[in-house]
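Each residue of the sequence shown is one higher than the last, beginning at -13 in this note's numbering.
Beta carbons are placed, not taken as given, at the ideal position from N, Cα and C, and that holds for glycine.
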Amino acid sequence: MSDQVLHVKGRVLAGPDEDRVRDELWVVGGRISYERPAGAREVTTVEGWALPGLVDAHCHVGLDAHGPVPDDVSEKQALTDRDAGALLIRDAGSPSDTRWIDDREDLPKIIRAGRHIARTRRYIRGYAHEVEPAGLASCVAREARRGDGWVKLVGDWIDRDLGDLSACWPRGAVEEAITEAHRLGARVTAHCFAEDSLRDLVEAGIDCVEHATGLTEELIPLFAERGVAIVPTLVNIALFPRLADGGEAKYPRWSAHMRRLYERRYDTVRAAYDAGIPVYVGTDAGGTLPHGLVAGEVAELVKAGIPAVQALSATTWAARAWLGRPGLDEGAPADLVVYGEDPRADVRVLAAPRRVVLNGRITG
-13 MSDQVLHVKG
-3 RVLAGPDEDR
7 VRDELWVVGG
17 RISYERPAGA
27 REVTTVEGWA
37 LPGLVDAHCH
47 VGLDAHGPVP
57 DDVSEKQALT
67 DRDAGALLIR
77 DAGSPSDTRW
87 IDDREDLPKI
97 IRAGRHIART
107 RRYIRGYAHE
117 VEPAGLASCV
127 AREARRGDGW
137 VKLVGDWIDR
147 DLGDLSACWP
157 RGAVEEAITE
167 AHRLGARVTA
177 HCFAEDSLRD
187 LVEAGIDCVE
197 HATGLTEELI
207 PLFAERGVAI
217 VPTLVNIALF
227 PRLADGGEAK
237 YPRWSAHMRR
247 LYERRYDTVR
257 AAYDAGIPVY
267 VGTDAGGTLP
277 HGLVAGEVAE
287 LVKAGIPAVQ
297 ALSATTWAAR
307 AWLGRPGLDE
317 GAPADLVVYG
327 EDPRADVRVL
337 AAPRRVVLNG
347 RITG
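So this is what it looks like as structure tokens:
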């Protein structure tokens, strides 16, 4: 840990409510303190509006468009996220072993979901373990033991015979798999674009759904009742028209479906938020998307109609609580981002961090 003493002054946004706003904090030995350290002489002062390190709750370090990448590429990905202020990443599926990152105090903290688990020939080549329903529960058990409390399923994908999106797993298989993950202490999330996979997954006990573009008026109350979170990845959904154009000639039904999901994306997210469904920030960086997009995703949530402070919470206070990690708490690791203006007034401020502090060290 760092022996550098930092003094952060201005407005320390330790929570969404005004009574959680402080005028200053100190960083001693890499940890947060709200009391001036006795005998501190050499102190670096940073001024501005401070937030907990941002959370990207759907990110893929160690993955590009073709599959796993070398460690030096993973390092560049992680550094890009860090410099954008994303200091806590839920890695929602990666075929690369990135455990070495845990030993680097200059790289973001990662919560891993192991490798994607997909139905045979129903996902991007090189990304996932591909299994049939009979082997799903045992594969989930292996990834639950490898991950950091999460497992990632591919809930739907294009069925080439059907020419459209369809669910990948029968109800019984996902029930068995989710039960096994929970027995092992892991939560389960699933990639889902379409509508028809959602009810079975939620009723089987899933904890989160990625993208969730297929949410409908009929399904939203079920999500709210069960407390199932969504991570909309709107910066990724923005690619749907281009994908639809590319598949038009061969899969016109799929292309039309993707366009419909895109066109109602903001309405879907706002309806979920209004119903009380927990919504968190995730970019889907890695694969085909660049890293460092967390500020853009927060801005997309605001564009969808989520109030600015709640959109901030979806990448800070609420997101960290959901993932079981501290924010700007007394004694917590000093992972924070300082901005030149108040991000509550305009979330676009997040795109220009003044200082990034990770494990008590100024990194940018």
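For residue i, would you say it is in contact with chain D, using Cβ-to-Cβ distances shorter than 9 angstroms as the test?
| i | result |
| --- | --- |
| residue 121 | In summary, chain D is missing from the structure at hand, where a single protein chain is found. |
If residue i and residue j are in contact, beta carbons under 8 angstroms, what's the gap, nearest whole angstrom?
| i | j | result |
| --- | --- | --- |
| residue 320 | residue 16 | 6 angstroms |
| residue 46 | residue 80 | 5 angstroms |
| residue 116 | residue 98 | That pair is no contact at about 19 angstroms. |
| residue 44 | residue 76 | 7 angstroms |
| residue 159 | residue 193 | Not a contact, Cβ separation roughly 17 angstroms. |
| residue 240 | residue 38 | Residue 240 to residue 38, Cβ: 40 angstroms. No contact. |
| residue 172 | residue 137 | 5 angstroms |
| residue 48 | residue 82 | 3 angstroms |
On the DSSP bridge list, what partners appear for residue i?
| i | result |
| --- | --- |
| residue 197 | 178 |
| residue 100 | Its beta-bridge partners do not exist; DSSP assigns none. |
| residue 34 | -4 |
| residue 115 | 103 |
| residue 20 | Paired residue(s): none; residue 20 is not in a bridge. |
| residue 12 | -7 and 19 |
| residue 136 | 173 |
| residue 143 | 152 |
| residue 347 | 344 |
| residue 324 | 36 and 341 |
| residue 41 | 74 |
Residue i to residue j, Cα distance in whole Å?
| i | j | result |
| --- | --- | --- |
| residue 371 | residue 62 | Residue 371 is absent from the structure shown; the chain starts at -13 and stops at 350. |
| residue 10 | residue -6 | 5 angstroms |
| residue 87 | residue 64 | 9 angstroms |
| residue 209 | residue 30 | 47 angstroms |
| residue 14 | residue 42 | 26 angstroms |
| residue 221 | residue 32 | 31 angstroms |
| residue 59 | residue 69 | 15 angstroms |
| residue 149 | residue 243 | 10 angstroms |
| residue 346 | residue 318 | 10 angstroms |
| residue 91 | residue 73 | 11 angstroms |
| residue 131 | residue 28 | 45 angstroms |
| residue 307 | residue 95 | 15 angstroms |
| residue 203 | residue 223 | 20 angstroms |
| residue 338 | residue 271 | 19 angstroms |
| residue -12 | residue 170 | Reliability fails at residue -12, whose pLDDT of 43 lies under 50, so the model's placement of it is uncertain and the value that follows must be treated cautiously. Cα-Cα distance, rounded: 35 angstroms. |
| residue 200 | residue 178 | 7 angstroms |
| residue 281 | residue 248 | 20 angstroms |
What is the residue span of the beta strand (DSSP E) that residue i lies within?
| i | result |
| --- | --- |
| residue 186 | It is not in any beta strand (DSSP E) - residue 186 instead sits in the alpha helix (DSSP H) that spans 184 to 189. |
| residue 297 | Note, residue 297: premise wrong, no beta strand (DSSP E); alpha helix (DSSP H) at 294 to 299. |
| residue 73 | 72 to 77 |
| residue 216 | 215 to 217 |
Taking the continuous alpha helix (DSSP H) assigned at residue i, which residues delimit it?
| i | result |
| --- | --- |
| residue 236 | Looking at the DSSP string, residue 236 is not in any alpha helix (DSSP H), and its letter there is neither H nor E. |
| residue 282 | 280 to 289 |
| residue 158 | 157 to 169 |
| residue 125 | 122 to 132 |
| residue 211 | 206 to 212 |
| residue 305 | 303 to 308 |
| residue 61 | 57 to 69 |
| residue 255 | 251 to 260 |
| residue 220 | 220 to 223 |
Contact between the region 163 to 173 and the region 222 to 231 (3+ Cβ pairs under 8 angstroms): No contact exists between the region 163 to 173 and the region 222 to 231.
Touch test, the region 310 to 327 against the region -3 to 7, Cβ-Cβ under 8 angstroms, three pairs minimum: Yes, since at least three Cβ pairs between the region 310 to 327 and the region -3 to 7 fall closer than 8 angstroms, the two stretches touch.
Three-pair Cβ contact test at 8 angstroms for the region 249 to 269 versus the region 323 to 333: no
Any 3 or more C-beta pairs closer than 8 angstroms across the region 284 to 294 and the region 333 to 346: yes
Given 8 angstroms, three or more beta-carbon pairs between the region 291 to 307 and the region 251 to 258: yes
Given 8 angstroms, three or more beta-carbon pairs between the region 142 to 159 and the region 170 to 187: yes
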